[in-house]
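Q:
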Amino acid sequence: MKKFFKFGCLGFIALIILGVIGAALSDGDEKTSTEPKSQEETKSDKPKEKKAEPKIAKIGETSTVADVGFTVQSVEETQEIDSGNDFIDNATTDGKFIIADVKIDNEKKEALTINSSFFKIKVNGAEYEPVTDGEVIMAMGDAGTDFFLQQINPGLSKSGKVVFEVPADVDLSKAILHCQTGAFGTETTEIKLSK
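All the letters of the sequence shown, read from the start, carry residue numbers -26 to -1, 1 to 169 under mature numbering (1 follows the signal peptide of the UniProt record, and there is no 0).
#1: State the DSSP-derived secondary structure class of F71, mapped to helix, strand or coil.
#2: Run through DSSP, which three-state label would L130 get?
#3: Check each candidate in G69, A100 and D120 and name the one with the smallest Cα separation from N89.
#4: Taking only three categories from DSSP, how would you classify F122?
#5: By the 10 Å Cβ neighbour count, where 16 or more other Cβ atoms means buried, how is A157 classified, buried or exposed?
#6: Should N59 go down as buried or exposed, given a rule of 16 or more other Cβ atoms within 10 Å for buried?
#7: Would DSSP call A65 helix, strand or coil?
#8: With a 10 Å radius around its C-beta and 16 neighbouring C-beta atoms as the bar for buried, classify Q47 as buried or exposed.
#9: Once the 5 residues before and after A113 are set aside, which same chain residues still bring their CB inside 8 Å of it?
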């Protein structure tokens, strides 16, 4: 009796799982009909015209997404970040550092939390994350106000520098700064790192 009950329950659960999978794979919204489609329906089946590509902002121009404006105010390339302090070592790299001075405007109705990880540089199919190395952050000092979990209230803006370490042969004129408004990256915009 226990064996029958055990196999009966497992069989019932298997049927339910198969039913759920079958329902998920099939389109329940489709209706089969022998009636011909009206003219309105056939017109809507035609492919829609492609929308024009959104304009990508450049240095000094603001790019807005979801009521948040991103402006790259300046970009600097260097192999060494001078700390300006005798007690803190300069940061060096075999490649080069790209330092983007970014301004963020919050036009939302609620506070916005921003982080340096919300930025990436894309060039030639590669993506570069911001530097989080303590040596670089220390060398930047007060000049390197980064966006580590910075809160920006509605109607206000904050400026800061985001540092990227990239290979020496990266062409900055072909680089794009990818910006997002949150950790999930659902609201994004791009800014060319050229004038």
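Note that CB positions come from ideal geometry on N, CA and C, so glycine has one too.
A: Let me spell this out:
#1: strand
#2: coil
#3: D120
#4: coil
#5: exposed
#6: exposed
#7: strand
#8: exposed
#9: I55, D56, S57, I62, D63, N64 and A65
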